[in-house]
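Novice:
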Amino acid sequence: MIGRLNHVAIAVPDLEAAAAQYRGILGARVGAPRPEPAHGVTVVFIDLPNTKVELLHPLGPDSPIAGFLARNPGGGIHHLCFEVDDILAARDHLRAAGARVLGPGEPRTGAHGKPVLFLHPKDFNGTLIELEQA
Ligand code: CO
Numbered sequence: 042m043i044g045r046l047n048h049v050a051i052a053v054p055d056l057e058a059a060a061a062q063y064r065g066i067l068g069a070r071v072g073a074p075r076p077e078p079a080h081g082v083t084v085v086f087i088d089l090p091n092t093k094v095e096l097l098h099p100l101g102p103d104s105p106i107a108g109f110l111a112r113n114p115g116g117g118i119h120h121l122c123f124e125v126d127d128i129l130a131a132r133d134h135l136r137a138a139g140a141r142v143l144g145p146g147e148p149r150t151g152a153h154g155k156p157v158l159f160l161h162p163k164d165f166n167g168t169l170i171e172l173e174q175a
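Take the sequence shown: its position 134, counted from the start at 1, is 175 in this note's numbering, and no numbers get skipped.
(1) State the DSSP-derived secondary structure class of Leu135, mapped to helix, strand or coil.
(2) Do you know offhand how far Phe86's Cα is from Ile128's?
(3) Going by beta-carbon coordinates alone, are Ser104 and Gly81 separated by less than 9 Å?
(4) Our contact map puts Leu100 next to Ala59 with C-beta atoms below 8 Å; I'd like the distance itself, whole angstroms only.
(5) What first and last residue would you give for the beta strand (DSSP E) that runs through Arg75?
(6) Measure the Cβ-Cβ separation of Glu173 and Phe109 and say whether it is below 9 Å.
(7) Assign Leu56 to one of three DSSP states: helix, strand, or coil.
(8) Using the rule of at least 16 other Cβ atoms within 10 Å of the residue's Cβ for burial, across every protein chain shown, is Leu89 buried or exposed?
(9) Rounded to whole angstroms, what is the Cα-Cα separation between Val84 and Leu143?
(10) Looking at Ala59 and the ligand CO, is the gap between the Cβ and the nearest heavy atom below 8 Å?
(11) Are Thr150 and Ala50 closer than 9 Å when you measure CB to CB?
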């Protein structure tokens with residue numbers, strides 16, 4: 042059911058330092074920081090030939106990644122995003138199989154302007170999974 046790996050998201054304590062590291066010693070194509078107030082994060086997109094890395098840093102008081110960084114002060118992999126052809130069909134299929142969809146279950150508009158949903162990390166080996174409409 043899942044398709045391409047759209048991105049790997051990494052929560053970072055210092056966005057500028059992390060972006061400079063990817064641009065510098067890793068030699069990656071790194072975008073400018075983009076505030077996403079609706080999602081409580083500032084994002085830096087890193088374009089790789091086969092996928093993307095997204096550096097996430099908390100924005101505002103209710104950021105969903107503030108708790109993650111409190112538990113992982115040095116940063117860490119926050120989630121993986123897989124593309125699906127039909128996000129509602131994917132949601133219904135996963136729910137029927139017993140997987141938990143986070144929040145009310147209606148897709149929200151993600152950082153790329155497409156509908157996304159998140160799946161409970163405890164149902165997927167400790168990994169938060171984002172599904173994005175392809
Ligand atoms: Co994401």
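Don't be surprised by glycine CBs; every beta carbon is placed ideally from N, CA and C.
Specialist: To lay it out plainly:
(1) The residue given as residue 135 occupies position 94 in the sequence shown. Reduced to three states, the DSSP call for Leu135 is helix.
(2) Locating residue 86 in the sequence shown gives position 45, where the first residue counts as 1. Locating residue 128 in the sequence shown gives position 87, where the first residue counts as 1. Their backbone Cα atoms lie some 23 Å apart in a straight line.
(3) Position 63 of the sequence shown, counted from the first residue, corresponds to residue 104. Position 40 of the sequence shown, counted from the first residue, corresponds to residue 81. Result yes, Cβ atoms of Ser104 and Gly81 sit closer than 9 Å.
(4) Position 59 of the sequence shown holds residue 100. Position 18 of the sequence shown holds residue 59. Actually they are not in contact, since the Cβ atoms of Leu100 and Ala59 sit about 15 Å apart, beyond 8 Å.
(5) The residue labelled residue 75 in the question sits at position 34 within the sequence shown. Start and end: Arg75 to Glu77.
(6) As a working note, residue 173 is residue 132 in the sequence shown. As a working note, residue 109 is residue 68 in the sequence shown. Taking 9 Å as the Cβ cut-off, Glu173 and Phe109 do not qualify as a contacting pair.
(7) As a first step, residue 56 must be located in the sequence shown, where it is residue number 15. DSSP places Leu56 in helix when its eight states are reduced to three.
(8) Sequence index remark: in the sequence shown, residue 89 carries index 48 (1-based). With fewer than 16 Cβ atoms within 10 Å of its Cβ, Leu89 is classed as exposed.
(9) The sequence position of residue 84 within the sequence shown is 43, counting from 1. The sequence position of residue 143 within the sequence shown is 102, counting from 1. Those two C-alpha atoms are separated by around 21 Å.
(10) For the purposes of this step, residue 59 is taken as residue 18 along the sequence shown, with counting starting at 1. No, the beta carbon of Ala59 sits no closer than 8 Å to any heavy atom of the ligand CO.
(11) Stepping through the sequence shown from its first residue, residue 150 is reached at position 109. Stepping through the sequence shown from its first residue, residue 50 is reached at position 9. It is not a contact, given that the beta carbons lie outside the stated cut-off.
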